[in-house]
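Read the structure below first, then the notes.
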Amino acid sequence: MQISNKIIHSTPINGLNFYSFNSSVKGFVSFKGSFLGGKLCNIKNKLIPEILVEMLDKGTKNKDKFKIASILENVGAKISFTQGKYRVYFTGQCLTKDILLIFDLIAEQLIQPLVNEKDLQSVKKRNIAELLNLKSDTRSQGMINFLQKLYPKNHPNRPFGIDEEIKQVEKIETEDLIMFHNQFYGLGNMEICMVGDLDHTKVDKNLSKVFKNWKISPLNKEMTVSNLKSKNLSGKSSVVYIPDKSSADLILGHGIGIDNNHKDYLNLMVGHFILGGNFSSRLMSTIREKEGLTYGIQSSISGVDNGNDGYWNIWGTFSPSDINKAKKLIFQQLELWSEKGVTKRELENKKTTICGMYKVSFDRTLGIVSRMIDTLHKNKPLAFIDEYPNIINDIKLSDVNNAIKKYYSRKKCITITSGTLK
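So the number in the working numbering is just where the residue sits in the sequence shown, counting from 1, plus 7.
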């Protein structure tokens, strides 16, 4: 099914781009929109944007949260607000006849959020409770330690420690949220994608109407680009002690120095998918099936969006007594993977898997709309949506194996173990 050549694009109002795709469904639509205003858009306190997003469904200056819930329930619609490193997202579904009603409500929630003390304290309390739970989560603590060793302070891929996040949340006041909203929320980088049964021209006019009085945000894509790079480390390792744990997590990897638009990215991504991307990968076949050491192990590339230099890592969970054996076996697989490469059969099998997973994601309207906005955020042309399977199938074995050799170094590996370890 060709999609990109059927997508309609318009600019209902300055600073808002609208994309639609009419699918075969009747009577309803799925939508996803975003604008700059995520976690990394506030230097003072990166938790302010996150908490503000959690306040968006708590009411507006004209409607309390119960009124909003009633409106949505009466028409069977769904709206959710989330945030990433850079952008705020709103996602949902509604009947075609209710598009204007729902986007009138979304605009009101974004433009006139009710930021009150009672709801803020409730949101802060929940966030702090979740953060406290993460302190005893072996995987989360291991990953935080890994990324803090790999990236310098203020790098987009470097997380706060849990205690620091709790302090940041505790300091947030309603005035901080209102100030951030007044300064940075607005049009300018807003994109809305919609899939289903809709009249593009009619929705375009509706969007122009509901967002016409919103200001242009001073944020732009260039402001979110970081020049910081990962540290050039050699063989760092550490243990994160977490008491009373029956299993331990192992994380190892290093920086790759490229983003997802680099010519080597897809070759390396496929190489890691063969190594540890799914149940039939090398790591699962050896460490789990043959050796019986783990229920789960995977290898992946992350942190490559928005021009950032990413990293690869292997994660696995093991009995504490098996950690050293697992580490040895994993490095054996890494050396074999690097020195001898992957086989043509492995590559062809994983191409089929990757393309199949990609195509299946289009079985629902929400899957299509997510692919549309994801493509836009990667600064790819919309034709990339249809071209991606062909790009994957054109990947050459020699390019994959060259990328593996180029971006793997045993000497650079950071190794973190977390759990109840002696």
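No residue lacks a Cβ here, since even glycine has one placed at the ideal position from N, Cα and C.
- In the assembly as shown, F110 is a buried residue. Its beta-carbon has 16 or more other beta-carbons within 10 Å.
- The distance from the Cβ of G34 to that of D206 is about 13 angstroms, inconsistent with a contact at the 8 angstroms cut-off.
- Of the residues assessed, E177 falls on the exposed side of the cut-off, its CB having fewer than 16 other CB atoms within 10 angstroms.
- Scanning the stretch 266-316 from its first residue to its last, the whole alpha helix (DSSP H) runs of 4-plus residues come out as 272-283.
- Excluding five sequence positions before and after K412, the CB atoms of its chain that fall closer than 7 angstroms to its own CB belong to S345, given in chain order.
- Burial state of S244 is exposed, judged by a 10 Å Cβ sphere holding fewer than 16 other Cβ atoms.
- Using a Cβ distance threshold of 7 angstroms, I106 and V210 count as a contacting pair.
- The stretch 409-428 and the stretch 39-47 do not touch, with fewer than 3 CB-CB distances between them shorter than 8 angstroms.
- Under the DSSP assignment, C48 falls outside any beta strand (DSSP E); it carries neither an H nor an E label.
- In the DSSP assignment, P396 falls outside any beta strand (DSSP E) and lies within the alpha helix (DSSP H) extending over F391 to N400.
- Here C101 has A84 and I109 as same chain residues with Cβ atoms under 6 angstroms from its own Cβ, once five neighbours each way along the sequence are excluded.
- One Cα belongs to S233, the other to P163, and the distance between them is close to 7 angstroms.
- Beta-bridge partners of N24 (DSSP): E198.
- Annotation for I179: N52, L54, I55, I58, L127 and K131 place their beta carbon closer than 8 angstroms to its own, counting only its chain and skipping 5 residues before and after.
- Rounded to the nearest whole angstrom, the CA to CA distance from S309 to Y318 is 6 angstroms.
- A distance below 8 angstroms between beta-carbons, with the five flanking residues on each side excluded, links K238 to the following residues of its chain, in chain order: K156, L157, Y158, P159 and G262.
- Cβ-Cβ distances below 6 angstroms link G91 to G45 in the same chain, with the five nearest sequence neighbours on each side left out; the list follows chain order.
- A residue is called buried once 16 or more other Cβ atoms fall within 10 Å of its Cβ, and E61 is buried on that count.
- Annotation: the continuous beta strand (DSSP E) that includes N320 extends over Y318 to F325.
- In this chain, the beta strand (DSSP E) harbouring T89 covers K85 to Q90.
- Residue nearest to H188 within the set V247, D251, I118 and M150 is I118 (criterion: CA-CA distance).
- Membership of D329 in any alpha helix (DSSP H) is not indicated, and neither H nor E is assigned to it by DSSP.
- When H279, S31 and F218 are compared, the shortest CA-CA separation from I375 is found for S31.
- If you draw a straight line from the Cα of L214 to the Cα of P120, it is about 18 angstroms long.
- Straight-line measurement puts the Cα of F167 at about 39 angstroms from the Cα of N356.
- Rounded to whole angstroms, K174 and L184 show a C-alpha spacing of 16 angstroms.
- As summarised for the stretch 147-217, the continuous alpha helix (DSSP H) elements at least 4 residues long and confined to that stretch are 169-178, 181-191 and 207-217, given in chain order.
- Judged by pairs of C-beta atoms under 8 angstroms, the stretch 75-83 does not touch the stretch 139-157, as fewer than three such pairs exist.
- The stretch 387-400 makes no contact with the stretch 333-341, as fewer than three CB pairs between them are under 8 angstroms.
- Here DSSP, grouped into helix, strand and coil, assigns Y96 to strand.
- If you ignore the 5 residues before and after D266, its C-beta comes within less than 8 angstroms of the C-beta of Y272, V311, D312, N313, G314, N315, D316 and G317, all in its own chain and listed in chain order.
- Contact between the stretch 278-287 and the stretch 346-355 is present: three or more C-beta pairs spanning the two stretches fall below 8 angstroms.
- CA-CA distance, L226 to N320, rounds to 32 angstroms.
- Secondary structure of Y248 (DSSP, three-state): strand.
- When DSSP reads this structure, C362 sits in no beta bridge, so it has no partner.
- Membership of T382 in the alpha helix (DSSP H) is indicated by the continuous run T372 to H384.
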